[in-house]
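Just below is one structure, and these are the notes that go with it.
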Amino acid sequence: MAPDTVSLRYFLVLAQELNFTRAAARIGVAQPALSARMRRLEAELGTALLIRNTRSVVLTTAGAALAESAPPALAALDRAWDTARSAASGELGTLRIGYSLSAGAETAPALVDRLMRDNSGLEVGAVPMATPEISPAVADGRLDAGITRGEQPGRGVRRFLLRRARVGVQLARHHPLADHPEIEIADAAAYPLRLPDRAANPVIHDQLSALFRDTRPHPRFHTPAVSFDMSQRDLRDGVTLAPAGEAAATAQPAGLTWRPLRGAPSLTIHLVLPREPSPLHRRIRAVAKTLAHDLHWLPD
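Okay, structure coming up:
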């Protein structure tokens with residue numbers, strides 16, 4: 001059985017001082033208590049470590065060997081304790097994040113970058129997913145966290161508001177409405193509106209289409225055959241407008257621009273975590289909250 005580490009640390013101080021009085025004072029214990037610990041340590045090892053006389057202390061061969069080999073062993077043990085504490089506090093481990101494709105242009109990268117920068121022991125893997133799949137994956141443990149547009153339904157999770165974003169439209173730079181710093185909802189509704197497939201994100205689809213519920217005549221909605229169609233030819237040609245959050249303004253494809261819709265309610269982006277959080281989940285929440293404040297994602 002290995003000796004207790006407290007006695008071993010006391011022995012190392014004594015091996016440096018070679019004097020019980022000085023060693024006891026340096027440790028902060030009474031000299032009889034130090035002597036008792038050394039006798040117990042020798043009994044555990046089954047060998048003498050010290051040769052004592054009235055004036056000095058001399059290390060035996062076994063004592064000298066222990067004084068040389070114990071420090072790296074104790075340092076390794078300290079590192080093991082530190083590693084365990086870091087893991088328990090959420091500073092160490094592998095973090096799996098799923099995010100809506102629409103959150104991949106700005107929000108998800110910013111959170112992943114902050115998590116990795118502030119927590120060097122974390123390995124972060126982030127994957128784009130269909131929005132309706134994210135909350136169930138967090139609930140059953142396939143993901144540690146999710147980032148979704150809109151407050152997606154689902155059991156076994158908690159949702160935290162991460163960001164509010166203005167709603168506007170993507171449109172061709174040569175489109176007549178692109179000259180306006182803000183666009184009236186009724187003016188946008190006069191053109192065909194490009195919405196994502198409802199199956200990809202029912203919450204956001206319904207929220208965007210509801211913006212135009214009271215306009216007359218009713219707008220024509222166009223849903224591309226492929227979600228997040230990379231060609232966006234109908235937009236580039238000025239045929240349609242695409243309602244979108246303001247994050248679209250930061251990563252505009254060539255030939256497109258973004259303008260806010262006057263008076264439109266904001267879109268929301270949420271952080272999704274398990275209902276029963278671990279220290280790792282609490283750390284994600286704390287980092288996300290700080291990031292949202294630093295980047296002014298939420299009103300004060």
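Residues 1 to 300 (full-length UniProt numbering) are what the sequence shown spells out, left to right. Don't be surprised by glycine CBs; every beta carbon is placed ideally from N, CA and C.
- Message: Tell me the residue span of the beta strand (DSSP E) that contains Arg-220.
- Response: Numbered from its first residue, the sequence shown carries residue 220 at position 220. Secondary structure note for Arg-220: it is in no beta strand (DSSP E), with a DSSP letter that is neither H nor E.
- Task: Put Glu-184 into one of helix, strand or coil per three-state DSSP.
- Result: Position 184 of the sequence shown, counted from the start, is the residue given in the question as residue 184. Looking at Glu-184 - three-state DSSP - the assignment turns out to be coil, as it is neither helix nor strand.
- Who does Glu-123 pair with in a DSSP beta bridge? Position 123 of the sequence shown holds residue 123. According to DSSP, Glu-123 bridges with Thr-94.
- Item | Whole-angstrom C-beta distance between Ala-247 and Ala-165, which should lie under 8 Å | Taking the first residue of the sequence shown as position 1, residue 165 is located at position 165. Taking the first residue of the sequence shown as position 1, residue 247 is located at position 247. About 6 Å separates the two Cβ atoms, so the contact holds.
- Item | Exposure label - Asp-144; buried when at least 16 CB within 10 Å | Position 144 of the sequence shown, counting from 1, holds the residue named residue 144. Counting the other Cβ atoms within 10 Å of the Cβ of Asp-144 gives 16 or more, which makes it buried.
- Message: For the structure I just gave you, are there three or more beta carbon pairs, one from the segment 269 to 278 and one from the segment 193 to 205, closer than 8 Å?
- Response: As far as the Cβ criterion goes, the segment 269 to 278 does not touch the segment 193 to 205, which means the pair count is below three.
- Taking all protein chains shown into account, do 16 or more other C-beta atoms lie within 10 angstroms of the C-beta of Ala-130, making it buried, or fewer, making it exposed? Residue numbering aside, residue 130 sits at position 130 when the sequence shown is read from its first letter. Exposed.
- Assess, as a yes-or-no matter, whether the segment 209 to 217 is touched by the segment 180 to 191 under the definition of 3 or more beta carbon pairs within less than 8 Å. A contact exists between the segment 180 to 191 and the segment 209 to 217.
- Between Arg-275 and the rest of its own chain, which residues show a CB-CB distance below 7 Å, the 5 nearest in sequence each way excluded? Indexing the sequence shown from 1 puts residue 275 at position 275. When the five nearest sequence neighbours on each side are left out, the beta carbons in the same chain lying within less than 7 Å of the beta carbon of Arg-275 are those of Gly-156, Val-157, Arg-158, in order along the chain.
- Message: According to DSSP, simplified to helix, strand and coil, what is Tyr-191?
- Response: In the sequence shown, the residue the question calls residue 191 occupies position 191. Coil, per DSSP.
- Thinking C-alpha only, which one of Val-57, Arg-40, Ile-147, Leu-162 is nearest Arg-22? Taking the first residue of the sequence shown as position 1, residue 22 is located at position 22. For the residues Val-57, Arg-40, Ile-147, Leu-162, the minimum Cα distance to Arg-22 belongs to Val-57.
- Task: Look up Pro-128 in the DSSP assignment and say whether it is helix, strand or coil.
- Result: Translated into the one-based positions of the sequence shown, residue 128 becomes position 128. Pro-128 sits in a strand when the DSSP states are folded into three classes.
- Message: Considering just the uninterrupted stretch of the beta strand (DSSP E) at Arg-159, what are its terminal residues?
- Response: Translated into positions along the sequence shown, residue 159 becomes position 159. In the DSSP annotation of this structure, the continuous segment of the beta strand (DSSP E) that includes Arg-159 starts and ends at 157 to 165.
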